[in-house]
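**Q** In my numbering, the protein residues as written are 49 to 220.
Here is the structure:
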């Protein structure tokens with residue numbers, strides 16, 4: 049039985065469906081049919097603008113974001129596809145917190161739906177720090193169908209791994 053480490057929290061029935069796609073060499077077809085496009089957000093500057101536009105659309109009152117970038121060091125060995133941080137610095141006599149969002153570089157070549165899902169996830173952390181019910185409700189509000197996208201992203205990571213491409217490898 050093929051181990052599905054990215055899908056181990058899902059029901060055995062769903063895992064079996066993915067295993068059947070793998071056994072019949074159809075996992076790539078499934079992903080290609082559902083997510084045929086690749087997004088155009090390829091630079092940190094473009095990612096920053098993309099993220100700010102989503103924030104402005106859904107979270108106008110959330111704290112501002114100081115930096116957004118693709119990060120080559122984020123990978124699944126650290127269980128991180130994205131990261132939100134608040135870096136505290138002393139400026140003058142005050143302590144300032146700079147909010148940063150880092151997105152794993154593998155999203156440069158991912159379908160646009162997956163990039164949006166990970167950015168929505170990190171933006172939701174501006175309002176909700178824990179992965180609780182309110183957090184996922186906020187994700188679903190910003191990205192209808194969020195849970196399906198999260199599942200399909202895990203299928204995508206499984207497919208990349210089966211193709212011999214580590215999830216953090218963005219070379220073609």
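Note that CB positions come from ideal geometry on N, CA and C, so glycine has one too.
Between the C-alpha atoms of residue 191 and residue 143, what's the straight-line distance to the nearest angstrom?
**A** Their Cα atoms are separated by approximately 34 Å.
**Q** According to DSSP, is residue 157 helix, strand or coil?
**A** Three-state result, residue 157: coil.
**Q** For residue 71, is the beta carbon positioned less than 7 Å from some heavy atom of the ligand NAD?
**A** In the structure shown, the ligand NAD is absent, as is every other ligand, since no ligand is present at all.
**Q** According to DSSP, is residue 84 part of a helix, a strand, or is it coil?
**A** Looking at residue 84 - three-state DSSP - the assignment turns out to be coil, as it is neither helix nor strand.
**Q** Within this structure, are the beta carbons of residue 151 and residue 102 separated by less than 8 Å?
**A** Not closer than 8 Å, so no.
**Q** Anyone know if the C-beta pair for residue 189 and residue 87 falls short of 8 Å?
**A** Not in contact: residue 189 and residue 87 (Cβ atoms no closer than 8 Å).
**Q** Roughly how many whole angstroms lie between the Cα atoms of residue 198 and residue 162?
**A** Taking the straight line from one Cα to the other gives about 8 Å.
**Q** Within this structure, are the beta carbons of residue 69 and residue 83 separated by less than 8 Å?
**A** Going by C-beta atoms, residue 69 is not nearer than 8 Å to residue 83.
**Q** Expressed to the nearest angstrom, what Euclidean distance is found between the alpha-carbon atoms of residue 55 and residue 171?
**A** Residue 55 and residue 171: Cα-Cα distance of roughly 24 Å.
**Q** Just to check my reading of the structure: residue 75 and residue 207 have Cβ atoms closer than 8 Å, yes? What is that Cβ distance to the nearest angstrom?
**A** Yes, they are in contact, since the Cβ atoms of residue 75 and residue 207 sit about 5 Å apart, within 8 Å.
**Q** Mind checking residue 200: buried by the 16 CB within 10 Å criterion, or exposed?
**A** Buried, by the Cβ-count rule.
**Q** Could you pull the start and end residues of the alpha helix (DSSP H) that residue 175 belongs to?
**A** Run containing residue 175: none; DSSP gives neither H nor E here.
**Q** State the Cα-Cα distance for the pair residue 93 and residue 99, rounded to the nearest angstrom.
**A** Distance between the alpha carbons of residue 93 and residue 99: 10 Å.
**Q** On the criterion of 16 or more Cβ atoms from any shown chain inside 10 Å, does residue 111 qualify as buried, or is it exposed?
**A** By the neighbour-count rule (16 or more Cβ atoms within 10 Å), residue 111 is not buried but exposed.
**Q** Quick check: the Cα distance between residue 116 and residue 174, rounded to an integer number of angstroms?
**A** Cα to Cα, residue 116 sits roughly 13 Å from residue 174.
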